[in-house]
Amino acid sequence: MSLKMISGRIGILAALACAAVVAWLAQARPGHSDEAVTDPFLGQAEAIDEGEMTYRSKCMGCHGKAGSRGPNLFATKLTDEQFLETVINGRQNTQMPAFGLRLSPDDVWKVHAFVKSRKGL
Ligand code: HEC
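Numbering (numbering that gives the first Met the number 0), first residue to last: 0 to 120.
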């Protein structure tokens, strides 16, 4: 066996080892690979009622028909995850406040479940 062949084999082994590590890393993070984070309260009547109360008290002033500052949440095209992220962190340099200290992620999911449950108020 020539030296060239040996080093070629080592190269292949190293590449295989790398692929194995990458596959292992992808597996070791369940739920974080391709799976999207989704609203666990969609379609649940009680959660939707609670979400409506939060919407009316904390969001409608800006997002409702009379409030003209924010977009219509009933027509949002954001994914569940983007919706949650936007409400928790707010939108910098806009009037959309960060609710991270005032609403729990579950509270936000419930508002989301509410706006997804109908076309408007
Ligand atoms: C003080 C006014 C105000 C309040 C209160 C407010 N928002 Fe907003 N919101 C905005 C504005 C303005 C925008 C648009 C920001 C931009 O220009 O990107 C926005 C954007 C959003 C978006 C992004 C919509 C999209 O389709 O891109 C979401 C989601 C959202 N708000 C959810 C909420 C929720 C839920 C509440 C109540 C818990 C809330 N907001 C309360 C002003 C407000």
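Even for Gly, the Cβ is constructed at its ideal location relative to N, Cα and C.
Item	Value
Chain-order list of residues whose beta-carbon lies under 7 Å from that of A97 (same chain, five-residue window excluded)	I87, N88 and G89
From A35, L41, T53 and D48, residue whose alpha carbon lies closest to that of S103	T53
Cβ of G99 within 8 Å of any chain B Cβ	In the structure shown, chain B does not exist; there is a single protein chain.
Spatially closest choice to D33 from E80, G63, K57 and P70, by CA coordinates	E80
Reduced DSSP category for V36 - H, G, I as helix; E, B as strand; rest coil	coil
Own chain partners of D38 with C-beta closer than 7 Å, once the 5 adjacent residues on each side are dropped	D79, W108, H111 and A112
Sequence-distant residues of its chain with Cβ nearer than 6 Å to M95 (five each side left out)	G89
K115, enclosing alpha helix (DSSP H) - first and last residue	P104 to K115
Where G99 falls: helix, strand or coil (DSSP)	coil
Start-end ranges of the alpha helix (DSSP H) lying completely within the region 48 to 99, minimum 4 residues	59 to 62 and 79 to 88
Buried versus exposed call for G50 [16 or more other C-beta atoms within 10 Å across all chains shown]	buried
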